[in-house]
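Heads up, the sequence shown is in this note's numbering, so the first residue is 2 and it goes up one at a time.
All C-beta atoms in this analysis are idealised placements derived from N, C-alpha and C, irrespective of residue type, glycine included.
As the structure is a computational prediction, the values presented were derived from the model and not from experiment.
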Amino acid sequence: MERVRVWPRSYPTNLIDKDWGNRKLLHRKDSENFLRLVHDMKLRDDDVWIVTLPKCGTTWMQELLWLLLNNCDFEGALAKDQELRTPFLEFGYSVFQDLNRSFGPIEELKSPRLIKSHLPLALLPSKLWEGNNKVVYVSRSPLDSYVSRYYHGVSFGSNYGKTLHQYFDEWLASDDFPTEFIEHAHEFYQLRNEPWVFYTSFEMMKKDLRGVINDVSRFLNKPINDQQMEKLLKHLSFSEMKKNPTTNHLWELAQVQHENAGKEVHPFVRRGDVNGYKDELKPEQIKKANVRIQEVLAKNGVTMDELLLLNDP
């Protein structure tokens with residue numbers, strides 16, 4: 002998929018004071034109409050958005066959010082694919098170049114809607130910038146994310162026949178590694194104290210899932226009792242998520258039209274480890290990537306520990 006630089010109709014200057022004109026935003030070629038419709042998208046007062054970069058714990062957090070918004074309806078969660086319960090905004094246009102397949106499923110949802118997106122802050126609906134809707138953001142170590150993206154791409158066809166090391170070397174050769182990743186997370190990190198933003202990380206969820214569940218339930222004003230907490234902890238455990246067909250994106254995989262889709266399938270919930278990249282990437286790849294990452298972090302005035310909340314108690 003060819004990506005090009007895009008310019009939104011306006012920027013969230015009310016939220017972050019920065020040189021937005023130099024913020025490089027990328028999206029698939031010929032997506033002007035799609036991005037315009039997203040920018041002007043009408044929202045409902047009780048819409049909740051989950052925003053992440055790919056393979057950063059999105060599915061894990063989505064499942065938690067949907068359950069909290071639906072009174073811990075575990076039977077309902079197991080009866081319907083997650084992609085149908087909580088649509089991915091960009092999916093229909095990305096796969097089919099069909100605007101209705103992106104916006105239609107969202108418009109048809111009953112309230113409260115839970116909407117997923119990987120778009121950066123400046124490409125999200127401008128109505129979100131007003132702070133009247135809840136937004137949950139999940140960050141993750143970029144190296145773990147890129148490794149997980151590789152296996153996802155193999156299953157969906159785009160990385161079929163390519164090794165992990167070949168894939169990662171292509172990213173290392175890109176001018177946009179890792180700027181795009183870090184700026185996406187850093188912009189939401191800067192909003193973490195806003196009452197309408199809940200910012201966390203994959204690493205925090207692994208460290209203290211119970212604590213994150215409690216924090217999210219308070220953020221959404223959806224209190225839970227002890228019995229519901231124990232059920233949530235079990236339902237959201239790695240072993241349960243891995244064997245749950247509704248959270249392994251089987252519906253999504255069936256929609257993909259790539260000629261190599263499904264030829265080699267890796268579980269969507271694959272390892273779920275922190276720092277798993279260390280035994281999958283070559284040492285020289287990790288070293289080179291970390292140099293680039295530190296340069297971009299310094300330019301943005303933030304550390305990786307801060308973005309991943311590793312300094313939080």
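Reduced DSSP secondary structure (H/G/I, E/B, other) of residue i
i, result
"residue 219", "helix"
"residue 197", "coil"
"residue 175", "coil"
"residue 135", "strand"
"residue 98", "coil"
"residue 305", "helix"
"residue 230", "helix"
"residue 168", "helix"
"residue 34", "helix"
"residue 180", "helix"
"residue 20", "coil"
"residue 296", "helix"
"residue 281", "coil"
"residue 42", "coil"
"residue 207", "helix"
"residue 58", "coil"
"residue 150", "helix"
"residue 238", "coil"
"residue 291", "helix"
"residue 213", "helix"
"residue 248", "helix"
"residue 81", "coil"
"residue 311", "coil"
"residue 243", "helix"
"residue 128", "helix"
Whole-angstrom C-beta distance between residue j and residue i, which should lie under 8 angstroms
i, j, result
"residue 40", "residue 126", "7 angstroms"
"residue 24", "residue 131", "About 20 angstroms separates the two Cβ atoms, so there is no contact after all."
"residue 308", "residue 190", "6 angstroms"
"residue 303", "residue 69", "In fact, because the Cβ distance is near 29 angstroms, the residues do not count as touching under 8 angstroms."
"residue 28", "residue 124", "7 angstroms"
"residue 247", "residue 56", "Not really, about 18 angstroms apart at Cβ, beyond 8 angstroms."
"residue 281", "residue 165", "6 angstroms"
"residue 297", "residue 180", "5 angstroms"
"residue 52", "residue 138", "5 angstroms"
"residue 197", "residue 136", "6 angstroms"
"residue 49", "residue 134", "7 angstroms"
Paired residues, beta bridge with residue i - DSSP
i, result
"residue 104", "According to DSSP, which records beta bridges pairwise, residue 104 is partnered with nothing at all."
"residue 187", "Answer is none; residue 187 lacks a bridge partner."
"residue 202", "140"
"residue 316", "Nothing about residue 316 can be read from this structure; the chain reaches only from 2 to 314."
"residue 67", "Per DSSP, none; premise fails for residue 67."
"residue 52", "118 and 138"
"residue 89", "117"
C-beta neighbour in chain C for residue i, strict 9 angstroms
i, result
"residue 69", "You won't find chain C in this structure, because it holds only one protein chain."
With 16 other Cβ atoms within 10 Å as the buried cut-off, status of residue i
i, result
"residue 269", "Residue placement at residue 269 is flagged as unreliable, the pLDDT there being 44, under the threshold of 50; the coordinate-derived value follows with that caveat. Counting Cβ neighbours within 10 Å, residue 269 comes out buried, since at least 16 surround it."
"residue 213", "buried"
"residue 106", "buried"
"residue 63", "buried"
"residue 1", "Because the chain here runs from 2 to 314, residue 1 falls outside it and cannot be looked at."
"residue 143", "buried"
"residue 114", "buried"
"residue 292", "exposed"
"residue 83", "buried"
"residue 263", "Legend: pLDDT at residue 263 = 46, less than 50; position of this residue unreliable, value from coordinates given subsequently. Exposed: under 16 other Cβ atoms inside 10 Å."
"residue 249", "buried"
"residue 22", "exposed"
"residue 146", "buried"
"residue 299", "exposed"
"residue 5", "exposed"
"residue 204", "buried"
"residue 72", "exposed"
"residue 10", "exposed"
"residue 79", "exposed"
"residue 65", "buried"
"residue 312", "exposed"
"residue 150", "buried"
"residue 20", "exposed"
"residue 30", "exposed"
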